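Trainee: Following this message is one structure expressed as structure tokens.
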Amino acid sequence: MLNSSYTELGVGYFNLANDTGSVNYKTYWTQLFGSGDLNPNSSLPSPTPTPAPTPSPTPTLAGNDELIGSSAGEQLSGEGGNDRIYGNGGNDTLAGGIGDDLLNGGAGNDMMTGGDGKDSFVFDSGRTFAAVDFGIDRITDFVRGTDKIVLDKSSFGAISSTQIGIVRRDGLASTSSKQIVYSRGSGRLFFNSNGSASGFGRGGAFAIIDSDNNSSTAAPSLSGSDFQIVT
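If you count by my numbering, then the sequence shown holds residues 37 to 267, one letter each, in order.
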């Protein structure tokens, strides 16, 4: 509400530094804005800021780590320490690094490299064997007499070390009387669920064993002592 004593009403103006203008008292004010600096002492921020303080110590994976992947294909590396690495779904690349590591690719066609130490390559889906739960994993650097291929009875049934067989080529695997069959010709490892009957039953190939990252065509020689059966 305006005061009743007011007799005129106008529009005010305010000049900043370096501004110019002219006034026409009958109609309007013409304003020309200058190039003033709101804070002459300010400076532009650095395009490459450095956090302060720098985080210390720098995070590493040199300890005994547990790495768990998702349903996507991922690269998981334990570096140093005795690590436990689980790929879960997807076509993963798992690397244990230095230490006695446990690697379990889960579903998907995974690449598993134990690195130095006594490493365990685990095959266990937590339920009866189905090819979709395993894929065909490649172990790149298996060391006979040092590393272990670990098979869980929950997936492979009532197997024992006496049920592990070695054949010269893949074609002989499906007619072997053994349930876990390693083909010396290709390095493929099969689950032969129906024994000497034709085919693999509900089984099939689930791993390829290599000792030198495929730098030669020869697959490593394995024996029953390279396997560990767990429940």
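Note that beta-carbon positions come from the ideal geometry of N, C-alpha and C, so glycine has one too. Predicted model only: the values in this text are computed from it and were never measured.
#1: Please go through the same chain and pick out, in chain order, the residues whose beta-carbon is closer than 8 angstroms to the beta-carbon of D119, but skip the five residues on each side of it.
#2: In whole angstroms, what is the alpha-carbon distance linking K214 and S229?
#3: What is the DSSP secondary structure of V168, counted as helix, strand or coil?
#4: In the DSSP output, what is N140 paired with across the bridge?
#5: Check S113 in the structure and name its three-state DSSP category.
#6: To the nearest angstrom, how far is the alpha carbon of I265 from that of D155?
#7: Pair every Cβ in the segment 138-154 with every Cβ in the segment 218-234, then say whether three or more of these pairs are closer than 8 angstroms.
#8: Would you report the Cα separation of T84 and E115, rounded to the nearest angstrom?
#9: What residues match up with D188 in a beta bridge as DSSP calls it?
#10: When the distance is taken between beta carbons, is G123 closer than 7 angstroms to D146?
#11: Between G125 and G141, is the Cβ-Cβ spacing less than 7 angstroms?
#12: Can you tell me whether Q199 is buried or exposed, with buried defined as 16 or more other CB within 10 angstroms of its CB?
#13: Compute the beta-carbon to beta-carbon distance between T267 and K189, rounded to the nearest angstrom, for a pair I have assumed lies under 8 angstroms.
#14: Can you find at least 3 beta carbon pairs, one from the segment 241-260 and one from the segment 165-177, that sit closer than 8 angstroms?
#15: Give me the DSSP bridge partner(s) of G240.
#16: What does the Cβ neighbour count give for V8, buried or exposed, with the cut at 16 atoms within 10 Å?
#17: From T94 to P81, what distance separates their C-alpha atoms?
#18: Out of curiosity, what's the CA-to-CA distance linking A209 and R238?
#19: On the CB-based measure, 16 or more other CB atoms within 10 Å of its CB, does S191 come out buried or exposed?
#20: Spell out the partners DSSP gives F157 in its beta bridges.
#21: Going by DSSP in three states, L103 sits in which element: helix, strand or coil?
#22: Rounded to whole angstroms, what's the CA-CA distance from K202 to F227? Just pull it up for me.
Mentor: Quick answer:
#1: L97, N100, D101, E102, L103, G132, G133, G135, D137, L138
#2: 9 angstroms
#3: helix
#4: Y122
#5: strand
#6: 15 angstroms
#7: no
#8: 30 angstroms
#9: V266
#10: yes
#11: no
#12: buried
#13: 5 angstroms
#14: yes
#15: F227
#16: A query on residue 8 cannot be resolved here, the shown segment of the chain reaching from 37 to 267 and no further.
#17: Interpretation of T94 is limited by its pLDDT of 46, a score under 50 that renders its predicted location unreliable; no figure is taken from the coordinates.
#18: 14 angstroms
#19: buried
#20: L139, I185
#21: strand
#22: According to the sequence shown, residue 202 is Ile rather than Lys. If I take the Cα positions, the gap works out to 12 angstroms.
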